[in-house]
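Heads up: the sequence shown runs through residues 1 to 342, numbered per UniProt numbering. Don't be surprised by glycine CBs; every beta carbon is placed ideally from N, CA and C. None of the values given here were measured: they were computed from a predicted structure. To start, the structure under review is shown below, and the notes come after it.
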Amino acid sequence: MNDSRGNDTEEGCISVKCIFSLAERSAIISAFSLLFLASLLGNILILFLLKRDNQLRSKTSASHISLAIADLLLTIFCLPFMLTDLYIADEWIFGAAFCKIITFVQILSSTSSILNLLIVTFECFAAVCFPFYLRLLKRKRVILIVSCAVAWTIAAIEGIAYVQYKEYVVYEGTPFCMENWPSTEVKNTFIYTNVILLSIFPICVITILNMFSIARLCQAKNWELQSNRRSAKTSYTRIATKKIIIISLIFIVCRTPHQLFGLPIIHDIIILNSSTSKMYLTIHAIIYVLYFFSASTHPVVFSLMSSYYKDALRRQWAFITRKTQKSSIRGVPSTKINDTCL
Numbered sequence: 001m002n003d004s005r006g007n008d009t010e011e012g013c014i015s016v017k018c019i020f021s022l023a024e025r026s027a028i029i030s031a032f033s034l035l036f037l038a039s040l041l042g043n044i045l046i047l048f049l050l051k052r053d054n055q056l057r058s059k060t061s062a063s064h065i066s067l068a069i070a071d072l073l074l075t076i077f078c079l080p081f082m083l084t085d086l087y088i089a090d091e092w093i094f095g096a097a098f099c100k101i102i103t104f105v106q107i108l109s110s111t112s113s114i115l116n117l118l119i120v121t122f123e124c125f126a127a128v129c130f131p132f133y134l135r136l137l138k139r140k141r142v143i144l145i146v147s148c149a150v151a152w153t154i155a156a157i158e159g160i161a162y163v164q165y166k167e168y169v170v171y172e173g174t175p176f177c178m179e180n181w182p183s184t185e186v187k188n189t190f191i192y193t194n195v196i197l198l199s200i201f202p203i204c205v206i207t208i209l210n211m212f213s214i215a216r217l218c219q220a221k222n223w224e225l226q227s228n229r230r231s232a233k234t235s236y237t238r239i240a241t242k243k244i245i246i247i248s249l250i251f252i253v254c255r256t257p258h259q260l261f262g263l264p265i266i267h268d269i270i271i272l273n274s275s276t277s278k279m280y281l282t283i284h285a286i287i288y289v290l291y292f293f294s295a296s297t298h299p300v301v302f303s304l305m306s307s308y309y310k311d312a313l314r315r316q317w318a319f320i321t322r323k324t325q326k327s328s329i330r331g332v333p334s335t336k337i338n339d340t341c342l
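Structure below.
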């Protein structure tokens, strides 16, 4: 886009269709579409394996299931609607009712995702730093289920509170689903409170707990190497350390910019330092690509890197293959499938 067109865009048109060329919008839409497919298929695969495999279900924490559900809702109800609203239709085409409904589900899924991630991190930290105490802890599964229920309840309360400030507005013939705050003070109080308590604070806690877990695993690994005790536990320690490092990097790089972008002061600084609307919208697109990238990597990092999920995937693939082969042979009586094939 040349300079003269950029100036015309700033003065006469603030539409995304004016600011970005067709090729640029196509690239943005393609990136979001790939993230949508990756996250959708990954989280559906995880939930499918949990439903079909009894062994996996008995070994999987409730927090991992809750996180997969939150990420799936985030993928279905956030990404397509945001993409359509900002980059395809360039207006809100889903009506007044869906303005409220989609906003609520978006807040519910995004907040529950980060709170469930916090629960997963606490669980991992306890398993690494206090393994013996965790084994002796009674009703561990009940505690995790209650914790996840509390996370979803908090997210629902935030969603209900925020929805009252979202309205369907038609401006010069164009419909928008936008915020309508009674005053700047109410807006700043609400946003700062929610972002700090439900976003920045969990990010800090998750980062600190992961650092403690990595330090503990490295300490255990060094002790095993010094004592020449190479075993399966050493391999497990190495895999666990790598997994936590990957989780920490993805979380910090992908989630932190989105949470900071929600703060009015940071948002205003970006606007003031963006020489053009295109620069601001480019920053906005990059931040959201990173955010949805984290949701698409959760199935891989938390589940498919686990030997339990790999074994379950092999069992289900073997079962489907065997079932297909048997269905092609007539006269073969059906047999009850044992637990290892579910």
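Are the CB atoms of residue i and residue j nearer to each other than 8 angstroms?
{"i": "Thr207", "j": "Ile252", "result": "yes"}
{"i": "Phe20", "j": "Lys278", "result": "yes"}
{"i": "Ser61", "j": "Leu197", "result": "no"}
{"i": "Ala68", "j": "Leu115", "result": "no"}
{"i": "Val128", "j": "Ser63", "result": "no"}
{"i": "Ala149", "j": "Ser109", "result": "no"}
{"i": "Ile214", "j": "Val301", "result": "no"}
{"i": "Ser112", "j": "Ala155", "result": "yes"}
{"i": "Ala285", "j": "Ile46", "result": "no"}
{"i": "Cys254", "j": "Tyr280", "result": "no"}
{"i": "Val163", "j": "Lys242", "result": "no"}
{"i": "Asn210", "j": "Ile244", "result": "yes"}
Please classify residue i as buried or exposed, where buried requires at least 16 other C-beta atoms within 10 Å of its C-beta.
{"i": "Leu72", "result": "buried"}
{"i": "Val186", "result": "exposed"}
{"i": "Ile269", "result": "exposed"}
{"i": "Ile265", "result": "exposed"}
{"i": "Val16", "result": "buried"}
{"i": "Pro182", "result": "exposed"}
{"i": "Phe212", "result": "exposed"}
{"i": "Arg216", "result": "buried"}
{"i": "Thr321", "result": "exposed"}
{"i": "Ser328", "result": "Annotation note: pLDDT 49 at Ser328 (below 50); position unreliable, coordinate value reported separately. That one is exposed."}
{"i": "Ser39", "result": "buried"}
{"i": "Phe32", "result": "buried"}
{"i": "Ser26", "result": "exposed"}
{"i": "Leu22", "result": "exposed"}
{"i": "Ser30", "result": "exposed"}
{"i": "Leu83", "result": "buried"}
{"i": "Leu41", "result": "exposed"}
{"i": "Ser66", "result": "buried"}
{"i": "Ser58", "result": "exposed"}
My assumption, with CB atoms under 8 angstroms, is that residue i sits in contact with residue j. Please give the rounded CB distance.
{"i": "Asn180", "j": "Tyr165", "result": "6 angstroms"}
{"i": "Thr75", "j": "Asn54", "result": "Not quite, the Cβ-Cβ distance comes to about 27 angstroms (not below 8 angstroms), so this is no contact."}
{"i": "Phe36", "j": "Pro80", "result": "7 angstroms"}
{"i": "Gln106", "j": "Cys124", "result": "Wrong, their Cβ atoms sit about 27 angstroms apart, outside the cutoff."}
{"i": "Leu263", "j": "Val195", "result": "6 angstroms"}
{"i": "Leu49", "j": "Tyr288", "result": "Between Tyr288 and Leu49 the Cβ distance is about 29 angstroms, and since that is not below 8 angstroms, they are no contact."}
{"i": "Ile250", "j": "Ser294", "result": "5 angstroms"}
{"i": "Met178", "j": "Val169", "result": "6 angstroms"}
Is any heavy atom in the ligand NAD found nearer than 7 angstroms to the beta carbon of residue i?
{"i": "Ser66", "result": "In the structure shown, the ligand NAD is absent, as is every other ligand, since no ligand is present at all."}
(request) Determine contact between the stretch 307 to 317 and the stretch 253 to 266, defined as no fewer than three beta-carbon pairs at a distance below 8 angstroms. (result) no
(message) In chain order, what are the residue ranges of uninterrupted beta strand (DSSP E) at least 3 long that sit wholly in the stretch 266 to 298?
(response) none
(request) Spell out a yes or no on whether the stretch 86 to 93 and the stretch 169 to 177 are touching, meaning 3 or more CB-CB pairs, one atom from each, closer than 8 angstroms. (result) A contact exists between the stretch 86 to 93 and the stretch 169 to 177.
(request) List in chain order: all unbroken alpha helix (DSSP H) runs of 4+ residues lying wholly within the stretch 155 to 210. (result) 184 to 195
(request) For the stretch 31 to 65, list the alpha helix (DSSP H) runs that are entirely contained and at least 4 residues long, ordered along the chain. (result) If we require 4 residues or more, the alpha helix (DSSP H) runs fully inside the stretch 31 to 65 come out as 54 to 59.
(request) For the stretch 98 to 122, list the alpha helix (DSSP H) runs that are entirely contained and at least 4 residues long, ordered along the chain. (result) none
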